[in-house]
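Heads up: the structure comes next, in structure tokens.
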Amino acid sequence: MKARITVTLKNGVLDPQGKAIEHALSGLGFDGVGQVRQGKVFDIELTGADKAKAEADLKAMCDKLLANTVIENYSVAIT
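Residues 241 to 319, numbered by the numbering used here, are exactly what the sequence shown covers, in order.
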């Protein structure tokens with residue numbers, strides 16, 4: 241079983257990396273780029289077939305390690 245976890249900053253949290261990317265894209269001639277927000281993606285391969293357990297484990301991974309839930313949101317997609 242495979243899963244993809246996407247971690248993004250919560251609305252209202254400053255994103256200096258996103259702002260730097262936004263300015264760099266403009267400097268490279270890419271006009272029309274609005275706001276850029278930077279995030280993280282984790283692709284995880286799991287053993288086992290219990291989808292409910294996998295989802296619970298993945299959420300626990302996010303809460304304990306992969307995301308700083310004070311300033312970040314995450315989503316879990318199992319394929």
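The beta carbon of each residue, even a glycine, is placed where N, CA and C say it ideally should be.
- request: Return the residue from the list N308, M301 and A264 that minimises the CA-CA distance to R244.
  value: M301
- prompt: Using 8 Å as the Cβ pair cut-off and three pairs as the minimum, do the region 242 to 262 and the region 275 to 282 touch?
  reply: yes
message: Which same chain residues end up closer than 7 Å to E312 when comparing Cβ atoms and leaving out the 5 residues on each side of it in sequence?
response: V247, T248, L249 and K250
Nearest neighbour of T287, chosen from G252, V253 and T319 [CA to CA]: T319
message: Just to check my reading of the structure: V276 and E262 have Cβ atoms closer than 8 Å, yes? What is that Cβ distance to the nearest angstrom?
response: 4 Å
field: Helix, strand or coil at K293 [DSSP, three-state]
entry: helix
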